Every structure is written in structure tokens, then in C-alpha cells.
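Structure record follows, encoded as C-alpha cells.
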Amino acid sequence: MRYLPDSHSFTLLLFSSFPNESLVEWAGNATLDGKLTHTLVGHNEQFNVSQLLPLEDSHSWEWRENNMQQYLNMFRDVVNLYARERNVPYPLHVKCTQGCLLETGTTRSFYEVVLNGANFLRFHAANSSWAPLQDTPLAIYVNSQLNKYNETKIPIQFFLQETCINFVKAHTNMNEPVTGM
């Protein structure tokens, strides 16, 4: 990502490898303006997420870790559910890229999913909806299922439009009002 003088971004990458339905291996990181701020490694419900820079106090960080645990559990369950419902063979490799970019006066958020190396889904925070990036039965089905439930839309929308933007503002010199895209 290229940074303009008056722009700041927070980007999270999550790599999930599902060798089978009962195992998921996690790896991920987060960057603020390209600088590594957080790492994640682990499997199933056992993972270590580290804050590499002292960006949040211990109470806020504990809350964020618990939130991450809930998100990863839901993510694992959703991937396995749709794989089971559509007889998708394992192993599965899922890469999620999400975050926000603040430029003078505007914001842009993003959440994209790659499945087994191919673009799969994109989330549009502005209207809280998923869109398929492939014209395949699986992408169309997963898209329709994710769009049915607020649990698979509202938390992501809130993260992208509120949490991410507020995090960037708190940890950069970007404090002026912005409008979303």
C-alpha cells in the first residue's frame, strides 16, 4: 500500500489453514502505516496474539484479545459449516485482509477474502453487505448466507467504520473529521 503524506492506514492480515474440519492453524499480523504492531499465531482455540507496540493499556488490550477469540471462533465455525454444507474438500486456505485508510477528509475501509489462492468475497462496510468475487456456486452460496445474518455483517461493519478508524486516529496525528467511503 502506498502512503500519501496525509494518509494513515491500519491493515490486518489473517491466514487460516484448515487441514481438516477439526483443525485450524492461525497466523496473522497488523500494521499501522506499514509498521508491524501485532502478531497472531496458534491453532484451534489456542493462540497467542501479541501487541508489539504499547498502543493500548492492559484493560483495553484484554478486551481486544477476548474480542479476537470470539471472532476467530466464529470464523472457524462459519468456514467449517459452509464447507460441510457444500461438500468442499479440505485442506482449505483462507486469507483475510481488512482495515482502513484515512486520508485528509475521507476514509476507506476494506475486507477481502481469498480462498485457496483465488479472490472469493469482499465486504462493503458502507452498506454492510458481502459480495462474491467469483461467479461460482460456492462463492454465490457463501455470499448469500453471510448476507442473511447480522452476526456476519454488523461486527465487521462496526470494526471497519468505528474501531479501525478510531484506532488510527488515536495512534497517528489524524484527528480531523473524516467521511467514509
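The sequence shown begins at 1176 in my numbering and counts up by one. The C-beta atom is built at its ideal place from N, Cα and C for all residues, glycine as well. The structure presented is a predicted model; accordingly, all values stated were derived computationally and were not measured.
Segment contact flag, the region 1268 to 1280 with the region 1230 to 1244, C-beta cutoff 8 Å, min 3 pairs: No: fewer than three Cβ pairs fall under 8 Å.
His-1357 versus Pro-1229, Thr-1214, Gln-1221 and Ser-1197, residue with shortest Cα-Cα distance: Any answer about residue 1357 is impossible in this case: the structure gives the chain only from 1176 up to 1356.
Under the three-state DSSP convention, the category Glu-1200 falls into: If DSSP states are grouped into helix, strand and coil, Glu-1200 belongs with the strands.
Cut-off 7 Å between Cβ atoms - residues of its own chain near Ile-1315, not counting five sequence neighbours on either side: Taking C-beta separations shorter than 7 Å and ignoring five residues to either side along the sequence, the partners of Ile-1315 in its chain run Pro-1307, following chain order.
Per DSSP, cross-strand counterpart(s) of Val-1317: According to DSSP, which records beta bridges pairwise, Val-1317 is partnered with nothing at all.
Leu-1290 to Leu-1188 span [Cα, whole Å]: The straight-line gap from Cα to Cα measures roughly 14 Å.
Neighbourhood of Pro-1352 by C-beta, 6 Å cutoff - its chain only, sequence neighbours within 5 removed: At Pro-1352, the pLDDT of 46 sits below 50, so the modelled position is not reliable and the matter cannot be decided from this model.
Per-residue burial, Ala-1293 [other beta carbons within 10 Å of its own, 16 or more giving buried]: Exposed, because fewer than 16 other Cβ atoms sit within 10 Å of the Cβ of Ala-1293.
Residues of its chain near Ser-1182, where Cβ-Cβ distance is below 8 Å and the 5 sequence neighbours each way are ignored: Only Leu-1276, Leu-1277, Glu-1278 and Thr-1279 meet the Cβ criterion.
Leu-1267 (DSSP reduced to helix, strand or coil): In the structure shown, Leu-1267 adopts extended strand secondary structure according to DSSP, grouped into three states.
Contact the region 1295 to 1311 vs the region 1217 to 1235: 3+ CB pairs below 8 Å: Using a Cβ-Cβ distance cut-off of 8 Å, the region 1295 to 1311 and the region 1217 to 1235 are not in contact, since fewer than three pairs of beta carbons, one from each stretch, lie closer than that value.
Beta strand (DSSP E) runs wholly inside the region 1195 to 1263, at least 3 long, in chain order: Those beta strand (DSSP E) runs which fall completely within the region 1195 to 1263 and span 3+ residues are 1198 to 1207, 1210 to 1218 and 1221 to 1226.
Distance CB(Trp-1394)-CB(Phe-1185) smaller than 7 Å: With the chain covering 1176 to 1356 only, the question about residue 1394 has no answer from this structure.
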